[in-house]
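J.: Would you mind keeping the following structure in view while I ask a few things?
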Amino acid sequence: MVDDDRKAARGIRPQPPSFRRVAVRRLDRLNARLARVTFGGDELAGLRIEEPASSVRLLLPAAGSTTLVVPTWTGNRFLFDDGSAPLIRTFTPLNFDAAARLVDLEIVLHPGGMTSSWAESAQPGDEAAISGPGRGYSVDPRAAGYVLAGDETAAPAMKQLIAAIPATIAVHAIIEIAHREAKVALPSHPRLSAEWVVPAPGSAPGSAILPAVRALEIPPGWKVWAAGEAGAMHDLRRQLFDERGMERGVVTVRGYWKHGR
Ligand SMILES: Cc1cc2nc3c(=O)[nH]c(=O)nc-3n(C[C@H](O)[C@H](O)[C@H](O)COP(=O)(O)OP(=O)(O)OC[C@H]3O[C@@H](n4cnc5c(N)ncnc54)[C@H](O)[C@@H]3O)c2cc1C
7 MVDDDRKAAR GIRPQPPSFR RVAVRRLDRL NARLARVTFG GDELAGLRIE EPASSVRLLL
67 PAAGSTTLVV PTWTGNRFLF DDGSAPLIRT FTPLNFDAAA RLVDLEIVLH PGGMTSSWAE
127 SAQPGDEAAI SGPGRGYSVD PRAAGYVLAG DETAAPAMKQ LIAAIPATIA VHAIIEIAHR
187 EAKVALPSHP RLSAEWVVPA PGSAPGSAIL PAVRALEIPP GWKVWAAGEA GAMHDLRRQL
247 FDERGMERGV VTVRGYWKHG R
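Once you know that position 24 of the sequence shown is 30 in the working numbering, the rest is easy, because the numbers rise by one and skip nothing.
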C-alpha cells in the first residue's frame, strides 16, 4: 500500500492546493440572476488552469466580517481553530489572465445563498481567497458531436466547453434558466444550436433539462457533458445509461449543487 492509499483508508485526504489571497477588482451584474466578480492578486502567480470546466474553491470571510481568515486543513476538511467551518464554495474560473493575475467567477444569485448574498453586496477591495484548480474536462476532438446540458451554475463551464469544441464538431446546448431574462451570451460556434428551457413554476430545479434531453436524438459517436442540481443529474444519468443504454465512456454528468443543502 502506498502512503496516499494508507491515508485514504484512515479517512485522511491529501491537502487540496493552498488558498491564494485575492481581492475583488471589479463587479458586473450580467442579469438579475448572475454577477460576474473579477478577483486579482499577486498570489495568483503560478496558478495554471488548462482545461475547460475546471473549478476553484472560493473562500470568503465569515458572515458579518470583512476580514479573511484562512482555515487549516485537518486531514479531511478545512476548519478554523475553534472547530467552526469556513465559507467555501466551488465555482468555474473564467477568463484567467496569468500575466495580469486576474480571474472571473460568475456567481448565480439565488435566495438563501451565502456566496450569492456576498456577491450582491461585494465591493472592490473585498478580501477572498481561491484554491485550485479542480479537474476540468478534456474535449474529444474525434467526437462526432456534443450535447451539453446544465442549469445556470453550469453555464460558465458550458461557455468554456463551447469555445473549446472544434468548429467542425456539432454542439447542441440545453441550458435551464430561471426565467427568459436570465439568458447569458454564448461564444460563437459555427455548429452550435442552443436551447433555453425554463422550469414550470414550483417544479424541481433541473426539471426542464430532463425532457429536453429525452426529446433529443443523440447519434452514435456523440458525447454528452452535463452538470447541475444533484438530484436532476442523478435522474439524467438514469435516463442516459438505463433508458438509452449509452456507454459510460461517452457521458460525463456532474452534480454541482444539492437542493436544500
Ligand atoms: C465543479 C463546480 C463548478 C461550479 N461552478 C459554478 C459557477 O460557475 N457558478 C455558480 O453560480 N455556481 C457554480 N457551482 C455551484 C455552486 O458551488 C453552488 O450553487 C453553491 O451552493 C453556491 O453557494 P451559495 O453560498 O450561494 O449557496 P449555499 O449557501 O451553498 O446554499 C444555500 C441554499 O441555496 C441552494 N442553492 C445553491 N445553489 C443554488 C442555485 N444555483 N439556485 C438555487 N438554489 C441554490 C442550496 O440548495 C441551499 O439550500 C459549481 C459547483 C461545482 C461543484
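Ideal placement from N, C-alpha and C gives every residue a C-beta, glycine not left out.
Being a predicted model, the structure only gives us computed values, none of them experimental.
Taking 8 angstroms as the cut-off, does the stretch 212–222 touch the stretch 173–188 (at least 3 CB pairs, one atom from each stretch)?
T.: yes
J.: Beta-carbon within less than 8 angstroms of residue 24's beta-carbon, same chain only, minus the 5 sequence neighbours each way: which residues are those?
T.: As a working mapping, residue 24 is identified with position 18 in the sequence shown. Closer than 8 angstroms at Cβ, skipping near neighbours: 137.
J.: Evaluate contact between the stretch 39–46 and the stretch 65–72, counting only Cβ atoms and requiring at least three cross-stretch pairs below 8 angstroms.
T.: no
J.: Would DSSP call residue 85 helix, strand or coil?
T.: Your numbering for residue 85 matches position 79 in the sequence shown. It is a strand residue.
J.: Please confirm if the stretch 231–242 is in contact with the stretch 150–170, defined as three or more CB-CB distances below 8 angstroms between the two stretches.
T.: Yes, they touch.
J.: Within the same chain, show all residues whose beta-carbon is closer than 6 angstroms to that of residue 81, passing over the 5 residues directly before and after it, in chain order.
T.: Stepping through the sequence shown from its first residue, residue 81 is reached at position 75. Leaving aside the five residues that flank residue 81 on each side, the residues in its chain whose CB is nearer than 6 angstroms to its CB run, in chain order, 18.
J.: Excluding five sequence neighbours on each side, which residues of the same chain lie with their C-beta closer than 6 angstroms to the C-beta of residue 188?
T.: Walking along the sequence shown from the start, residue 188 turns up at place 182. For residue 188, where only same-chain residues beyond five positions count, the Cβ hits under 6 angstroms are 37 and 39.
J.: At a cut-off of 7 angstroms, is residue 120 close to ligand 1 when judged by its beta-carbon and the heavy atoms of the ligand?
T.: The residue given as residue 120 occupies position 114 in the sequence shown. Yes.
J.: What are the start and end residues of the alpha helix (DSSP H) that includes residue 209?
T.: Translated into the one-based positions of the sequence shown, residue 209 becomes position 203. Looking at the DSSP string, residue 209 is not in any alpha helix (DSSP H), and its letter there is neither H nor E.
J.: For residue 267, verify whether its CB is less than 7 angstroms away from any heavy atom of ligand 1.
T.: The residue labelled residue 267 in the question sits at position 261 within the sequence shown. Result yes, Cβ under 7 angstroms from ligand 1.
J.: Relative to the alpha-carbon of residue 149, which residue among 224, 50, 110 and 20 has its alpha-carbon at the smallest distance?
T.: The residue given as residue 149 occupies position 143 in the sequence shown. The option with the nearest alpha carbon to residue 149 is 224.
J.: What residues in its chain sit with their C-beta under 6 angstroms from that of residue 190, if we drop five residues either side in the sequence?
T.: As a first step, residue 190 is located in the sequence shown; it is residue number 184 there, counting from the start. Contacts found: 161.
J.: Less than 8 angstroms between C-beta atoms, sequence neighbours within five positions excluded: which residues of the same chain meet that for residue 250?
T.: Within the sequence shown, the letter at position 244 stands for residue 250. Once the five neighbours on either side are set aside, the close Cβ partners of residue 250 are 224.
J.: So, is residue 248 buried or exposed, given that buried needs 16 or more other C-beta atoms within 10 angstroms?
T.: On the sequence shown, residue 248 is found 242 positions in, with the first residue counted as 1. Exposed.
J.: Under three-state DSSP, which class holds residue 247?
T.: Locating residue 247 in the sequence shown gives position 241, counting from the first residue. The answer is helix: DSSP assigns residue 247 an H, G or I state.
J.: For ligand 1, is there a heavy atom less than 7 angstroms away from the beta-carbon of residue 211?
T.: Walking along the sequence shown from the start, residue 211 turns up at place 205. Indeed, a heavy atom of ligand 1 lies less than 7 angstroms from the Cβ.
J.: For the stretch 41–59 and the stretch 97–108, state whether three or more C-beta atom pairs, one from each stretch, are separated by less than 8 angstroms.
T.: The stretch 41–59, when compared against the stretch 97–108, does touch it at the 8 angstroms Cβ threshold.
J.: For a test of your reading of the model: does the CB of residue 96 fall under 7 angstroms from any non-hydrogen atom of ligand 1? Yes or no.
T.: As a first step, residue 96 is located in the sequence shown; it is residue number 90 there, counting from the start. At least one heavy atom of ligand 1 is nearer than 7 angstroms to the Cβ of residue 96, so yes.
J.: State the DSSP-derived secondary structure class of residue 121, mapped to helix, strand or coil.
T.: For the purposes of this step, residue 121 is taken as the residue at position 115 of the sequence shown. Three-state DSSP puts residue 121 in a helix.
J.: Alpha carbon to alpha carbon, how far is residue 244 from residue 88?
T.: As a first step, residue 244 is located in the sequence shown; it is residue number 238 there, counting from the start. As a first step, residue 88 is located in the sequence shown; it is residue number 82 there, counting from the start. Answer to the nearest angstrom: the Cα atoms are 42 angstroms apart.
J.: For the candidate residues 202, 186 and 257, whose alpha-carbon lies nearest to that of residue 144?
T.: As a first step, residue 144 is located in the sequence shown; it is residue number 138 there, counting from the start. The shortest C-alpha separation from residue 144 is found at 257.
J.: Could you pull the DSSP bridge partners for residue 219 from this structure?
T.: To locate residue 219, count along the sequence shown from 1; it is residue 213. Residue 219 is not bridged to any residue.
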